[in-house]
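Asks: Structure in C-alpha cells, see below.
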Amino acid sequence: MSTDPAVEVRGLVKRYGSKTAVNGLDLSVATGTVTAVLGPNGAGKTTTVETCEGYRRADAGTVRVLGLDPVADAAKLRPRIGVMLQSGGVYSGARAEEMLRHMAKLHAHPLDVDALIERLGLESCGRTAYRRLSGGQQQRLSLAMAVIGRPELVFLDEPTAGLDPQARRSTWDLVRELRTDGVTVVLTTHFMDEAEQLADDVAIFDAGRVIAQGTPEALCRGGAENTLRFTGRPGLDLGSLLKALPDGSAAAELTSGAYRITGHIDPQLLATVTSWCAQHGVMPDGIAVERHTLEDVYLELTGKELRA
Amino acid sequence: MSASTYTPAPGAAPLPRMIVAQASFETKMLLRNGEQLLLTVIIPSLLLVLFSSIDVVDTGSGKSVDFLAPGILALAVMSTAFTGQAIATGFERRYGVLKRLGASPLPRWALMTAKTLAVLVTEVLQIALLTVIALALGWSPHGNPAAVFLLIVLGTAAFSGLGLLMAGTLKAEATLAAANLVFLLFLVAGGVIVPMDKFPGGVQSVLNLLPISALSDGLRDVLQHGASMPWGDLGILAVWAVLGLGAAARFFRWE
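Protein chains in written order, with the numbering used here: chain F, 1 to 308; chain P, 309 to 563.
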C-alpha cells in the first residue's frame, strides 16, 4: 500500500459569486483510513468533497486525489474513485437492480451485483422503480453504486442521513469492511457517534476551514478540558486545594457541597484531590470523571449545534 | 460476502462496451416512459390513421396518406430527438443523473454519443411502425432512400441540438412545458398535417425556415414528389444543426 496520502488539499479556496464557501482549507487523508468530515451546514464540506471528485474547479490552492488533479486528470481519476452524492443520481424510472447492473457494466472488475444487493438488504426492492423506493433504500442504492466498481477511494456524502438505526448499523459495517479490505473512505456526516465509531481521523470544518483534525481520542483529549466532580462538606477551602493542583486547573463549589474541578484530569490529579481530602478530613462522595465527547469538542470549537 | 470482497480493483470498462451499455440503458428508459410513448408512438400513429381516413384537412390532389406520411415521419423525428430528449435530459439533470454519471468512468462525450444512439434506435422503431401503418393505408412512397436518410440524420441533429440546449439551460419543469408547447406549435404550423399553402404568404416564408418545415417539406419532396435531393431543406436543417449543437455545447450545464 502506498504511503502517499490518498487526498491532499492545500490552501483550497472556492467562491460562489461573492460568497466564499471554502477559505484556505488544508486536508490530508491517509491511504487506507476512514476520515470523517464534520461541520455545520455551510461549512464547506460538500464543496470540498465535490472539488476532490472533480465537479468544481478550485479558485486557489492545490488538490491532489490519488496523486492526480481531479479536473485535469479526470479521465484517469474517475475509474478509481467511488462517489455517493448527497441525493439523487439515478434515473427516476430505473429499477434499483438494473441501475446497479448498469453501473457495474461501466467498470472493468465490478463486484458481484447480486451479492451486493443482498449485502445491503435491497433484495425486496430490486424490481422497484427508484422514485418509489423509500429514502433509506435510495441511500443504500446510492452507496452500492459508489462501491460497485471496486474503487480505491470512496467519497460518501452523508451516507446515513435518513436511515433507520438498523440500516445505519449495516452501512457502518460496510464502511468497516471497506477499510479492512484496503479502501480509503472519506465521509461527511452530521452524526458525532458515526464519526466516533468509524473514523480513524476526524476533520472538523467551520466557515470554510478545517479547525481541528485528529483521531477522535486526540480531539477529545486536546482542546476541550475534562471535568472531575465530587460532593463533600460545604465550604471547603478551595484556595488550598488549587495550590495542590497543577497550573491551569480550576475549582468551584457549584451548589452547597457540590464541587467541580476542571483541567487536565489524569490519575495524578485524581490522587492529588483524594489525598488533599484525606489531609482535610473530607470524605469525597460520588467522584466522577467526565470525559469530553466529540460532541462537546465540536460544540466548543464551532459554537454551533450539530444539526443547525 | 467473503473476506477481501472490496479489495480495490478499479478500472473503466472498454469504451465501446460502455457506450453500448449506456445506449441500451437509455433506450430502455425511453421506451418504458408512458408519456414519452404517447408523444413518440401514439400521437403520430393516431394522427396518421385519423387524417388519412377522414378528410379533415384539404391535403391537395392525390391520396391524403401520400401527403401525410412524410409529415408524420418528420413529427416522429421531432418527438424523439427534440421533445422526448429535452424532457428526459432535463429531468436527468435535475435528479443528478448527469452529475452522477459525470463521476463514473463514462466520459461525457460518450454519454452524449450513447444518447444519440438511443434516439436513433427509437427513430428506427418509430419509422418502421409508421411505415407499416402508412402502407396499410395505401401509401405509395417514391424517391431516393439516401435523401430520406440524409434528411432524417440532419433533422435529428438539428432537433437534438435544440432539445439539449433547452434541457441544459432551463429548469426541468420549464423544459417540460416549453418542449410540449413547441411540439404542438410545430405540429400545427410546420407542414406536418396542414399544408403550408394554407398560411398567408408572408407568414409562410418565415415558417418555411423552421426545422420541422424543412424536414417535412424535404421528406414530402422526395417521398411524394420523387425529388432526388432537396438541397434547400437540407441546407436549412444543417444551419439549425450547427446553431443548435453549437449553442448546446456552449451553454449546457450538467448540474
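Positions of the beta carbon are idealized from the N, C-alpha and C atoms, including for glycine.
#1: Can a CB atom of chain F be found closer than 9 Å to the CB of Thr313 of chain P?
#2: Against chain P, with Cβ distances strictly below 9 Å, would Ser170 of chain F count as a contact?
#3: Report the three-state DSSP secondary structure of Ala288 of chain F (helix, strand or coil).
#4: Against chain F, with Cβ distances strictly below 9 Å, would Gly319 of chain P count as a contact?
#5: What does Ala394 of chain P reach in chain F if we use C-beta pairs closer than 9 Å?
#6: How many angstroms separate the CA atom of Arg168 of chain F from the CA atom of Leu27 of chain F?
#7: If we cut at 9 Å on Cβ distances, does Lys105 of chain F have a partner in chain P?
#8: Counting only Cβ pairs nearer than 7 Å, list the residues of chain F close to Pro316 of chain P.
#9: Going by beta carbon distance, what residues of the same chain come within less than 8 Å of Ala195 of chain F, once the five residues before and after it are set aside?
#10: Mark Trp539 of chain P as exposed unless 16 or more other C-beta atoms lie within 10 angstroms of its C-beta, in which case mark it buried.
#11: Pick out whichever of F:Ala250, F:Ala58, F:Ile81, F:Leu85 has its Cα sitting closest to the Cα of Val65 of chain F.
#12: Would Glu563 of chain P count as contacting chain F if we go by Cβ distances under 9 Å?
#13: Can you check which of these residues, F:Arg291, F:His292, F:Glu290, F:Ser275, is closest to Pro284 of chain F by C-alpha distance?
#14: Is the Cβ of Ala546 of chain P closer than 9 Å to any Cβ of chain F?
#15: Looking at C-alpha atoms only, which residue of F:Thr302, F:Arg260, F:Leu299, F:Ala6 is the closest neighbour of Glu152 of chain F?
#16: Taking the alpha-carbon positions, what's the Ala411 of chain P to Leu518 of chain P distance?
#17: Rank F:Arg132, F:Leu174, F:Gly208 by C-alpha distance to the C-alpha of Gln197 of chain F and give the top, closest one.
#18: For the candidate residues P:Val514, P:Thr477, P:Met504, whose alpha-carbon lies nearest to that of Ala556 of chain P?
#19: DSSP three-state call for Glu98 of chain F: helix, strand or coil?
#20: Measure the alpha-carbon distance for Leu438 of chain P versus Glu431 of chain P and round it to whole angstroms.
#21: Identify, in the order they occur along the chain, each residue of the same chain with its Cβ nearer than 6 Å to the Cβ of His109 of chain F, setting aside the five sequence neighbours on each side.
#22: What are the boundary residues of the alpha helix (DSSP H) that Asp114 of chain F is part of?
#23: Strictly by DSSP, which residues pair up with Gly182 of chain F?
#24: Going by alpha carbons, who is nearest to Leu116 of chain F out of F:Met145, F:Gly135, F:Asp296?
#25: Could you check which residue in P:Arg528, P:Glu400, P:Gly319 has the C-alpha nearest to that of Leu414 of chain P?
#26: Alpha carbon to alpha carbon, what distance is there between Gln268 of chain F and Leu219 of chain F?
#27: Does the CB of Met420 of chain P have a neighbour CB from chain F at under 9 Å?
#28: Within the same chain, show all residues whose beta-carbon is closer than 8 Å to that of Glu343 of chain P, passing over the 5 residues directly before and after it, in chain order.
#29: The beta strand (DSSP E) spanning Met326 of chain P covers which residue range?
#30: Quick one: residues in its chain with C-beta nearer than 8 Å to the C-beta of Ser249 of chain F, no 5 flanking neighbours on either side, listed in chain order?
#31: I'd like to know whether the C-beta of Val427 of chain P is nearer than 9 Å to at least one C-beta of chain F.
#32: Apart from the five residues just before and just after Leu345 of chain P, which ones in its own chain have a Cβ nearer than 8 Å to its Cβ?
#33: Contact criterion: CB-CB distance below 9 Å. Does Ala308 of chain F meet it with respect to chain P?
#34: Residues of chain P with a CB under 8 Å from the CB of Leu122 of chain F: which are they?
#35: Rounded C-beta distance between Val83 of chain F and Glu53 of chain F? I'm assuming under 8 Å.
#36: Thinking C-alpha only, which one of F:Ser256, F:Arg57, F:Leu100 is nearest Ala329 of chain P?
Replies: Answer, in terms of the structure:
#1: Residue mapping note: residue 313 of chain P aligns to position 5 of the second sequence, counting from 1. Interface residue, yes.
#2: As a working note, residue 170 of chain F is residue 170 in the first sequence. Interface criterion not met: the Cβ of Ser170 of chain F is under 9 Å from no Cβ in chain P.
#3: Counting from 1 along the first sequence, the entry for residue 288 of chain F is found at position 288. Correct three-state label for Ala288 of chain F: strand.
#4: Here the question's residue 319 of chain P lines up with position 11 in the second sequence. Output row for Gly319 of chain P: interface = yes.
#5: The residue you call residue 394 of chain P lines up with position 86 of the second sequence. None at all; the shortest Cβ gap to chain F is about 16 Å.
#6: As a first step, residue 168 of chain F is located in the first sequence; it is residue number 168 there, counting from the start. As a first step, residue 27 of chain F is located in the first sequence; it is residue number 27 there, counting from the start. Computed Cα separation, rounded: 26 Å.
#7: Walking along the first sequence from the start, residue 105 of chain F turns up at place 105. Yes, Lys105 of chain F lies at the interface with chain P (some Cβ there is under 9 Å from its Cβ).
#8: Residue numbering aside, residue 316 of chain P sits at position 8 when the second sequence is read from its first letter. Those are Arg150, Pro151, Glu152, Gly182, Val183, listed as they occur along chain F.
#9: Walking along the first sequence from the start, residue 195 of chain F turns up at place 195. Excluding sequence positions up to five before and after Ala195 of chain F, its CB lies within less than 8 Å of the CB of Ala36, Leu38, Thr189, Val202, Pro216, Leu294, all in the same chain and listed in chain order.
#10: Along the second sequence, read from residue 1 onward, the residue named residue 539 of chain P stands at position 231. Classification for Trp539 of chain P: exposed.
#11: The sequence position of residue 65 of chain F within the first sequence is 65, counting from 1. Of the listed residues, the one whose Cα sits closest to Val65 of chain F is F:Ile81.
#12: Stepping through the second sequence from its first residue, residue 563 of chain P is reached at position 255. Judged by the 9 Å Cβ criterion, Glu563 of chain P is in contact with chain F.
#13: Translated into the one-based positions of the first sequence, residue 284 of chain F becomes position 284. For the set F:Arg291, F:His292, F:Glu290, F:Ser275, the Cα lying nearest the Cα of Pro284 of chain F is the one of F:Ser275.
#14: Here residue 546 of chain P refers to the residue found at position 238 of the second sequence. Answer no: the Cβ-Cβ gap between Ala546 of chain P and chain F never drops below 9 Å.
#15: In the first sequence, counting from the first residue as 1, residue 152 of chain F sits at position 152. The shortest Cα separation from Glu152 of chain F among F:Thr302, F:Arg260, F:Leu299, F:Ala6 belongs to F:Ala6.
#16: Taking the second sequence and counting its residues from 1, the one referred to as residue 411 of chain P is at position 103. Taking the second sequence and counting its residues from 1, the one referred to as residue 518 of chain P is at position 210. Spanning the two alpha carbons is a distance of roughly 37 Å.
#17: Position 197 of the first sequence, counted from the start, is the residue given in the question as residue 197 of chain F. When only C-alpha atoms are compared, the closest one is F:Leu174.
#18: Residue numbering aside, residue 556 of chain P sits at position 248 when the second sequence is read from its first letter. Cα-wise, what sits closest to Ala556 of chain P is P:Thr477.
#19: On the first sequence, residue 98 of chain F is found 98 positions in, with the first residue counted as 1. Here Glu98 of chain F sits in helix by DSSP.
#20: Within the second sequence, residue 438 of chain P is the residue found at index 130, counting from 1. Within the second sequence, residue 431 of chain P is the residue found at index 123, counting from 1. Answer to the nearest angstrom: the Cα atoms are 10 Å apart.
#21: Walking along the first sequence from the start, residue 109 of chain F turns up at place 109. Cβ neighbours of His109 of chain F beyond the five flanking positions: Arg150.
#22: Residue mapping note: residue 114 of chain F aligns to position 114 of the first sequence, counting from 1. Unbroken alpha helix (DSSP H) run through Asp114 of chain F: 113-119.
#23: The residue given as residue 182 of chain F occupies position 182 in the first sequence. The partner list for Gly182 of chain F (beta bridge, DSSP) is empty, contrary to what the question assumes.
#24: Taking the first residue of the first sequence as position 1, residue 116 of chain F is located at position 116. Answer by Cα proximity: F:Met145.
#25: As a working mapping, residue 414 of chain P is identified with position 106 in the second sequence. Ranking P:Arg528, P:Glu400, P:Gly319 by Cα distance to Leu414 of chain P puts P:Gly319 first.
#26: By one-based count along the first sequence, residue 219 of chain F stands at place 219. By one-based count along the first sequence, residue 268 of chain F stands at place 268. Cα to Cα, Leu219 of chain F sits roughly 21 Å from Gln268 of chain F.
#27: Sequence index remark: in the second sequence, residue 420 of chain P carries index 112 (1-based). Taking Cβ atoms only, chain F never reaches closer than 9 Å to Met420 of chain P, which makes this a no.
#28: In the second sequence, counting from the first residue as 1, residue 343 of chain P sits at position 35. For Glu343 of chain P, where only same-chain residues beyond five positions count, the Cβ hits under 8 Å are Ile395.
#29: As a first step, residue 326 of chain P is located in the second sequence; it is residue number 18 there, counting from the start. Run containing Met326 of chain P: none in the beta strand (DSSP E); it sits in the alpha helix (DSSP H), 323-340.
#30: Numbered from its first residue, the first sequence carries residue 249 of chain F at position 249. Contacts found: Leu242, Ile261, Thr262, Gly263, His264, Leu269.
#31: To locate residue 427 of chain P, count along the second sequence from 1; it is residue 119. With respect to chain F, the C-beta atom of Val427 of chain P has no partner C-beta closer than 9 Å.
#32: Taking the first residue of the second sequence as position 1, residue 345 of chain P is located at position 37. Excluding residues within five positions, the ones whose Cβ falls inside 8 Å are Leu339.
#33: Sequence index remark: in the first sequence, residue 308 of chain F carries index 308 (1-based). Note that Ala308 of chain F scores a pLDDT of 38, beneath 50, so its modelled location is shaky and nothing firm can be said.
#34: As a first step, residue 122 of chain F must be located in the first sequence, where it is residue number 122. Chain P residues near Leu122 of chain F: none, gap ~14 Å exceeds 8 Å.
#35: Along the first sequence, read from residue 1 onward, the residue named residue 83 of chain F stands at position 83. Along the first sequence, read from residue 1 onward, the residue named residue 53 of chain F stands at position 53. Val83 of chain F to Glu53 of chain F, Cβ: 5 Å. Contact.
#36: As a first step, residue 329 of chain P is located in the second sequence; it is residue number 21 there, counting from the start. The shortest C-alpha to C-alpha distance from Ala329 of chain P to any of F:Ser256, F:Arg57, F:Leu100 is the one to F:Leu100.
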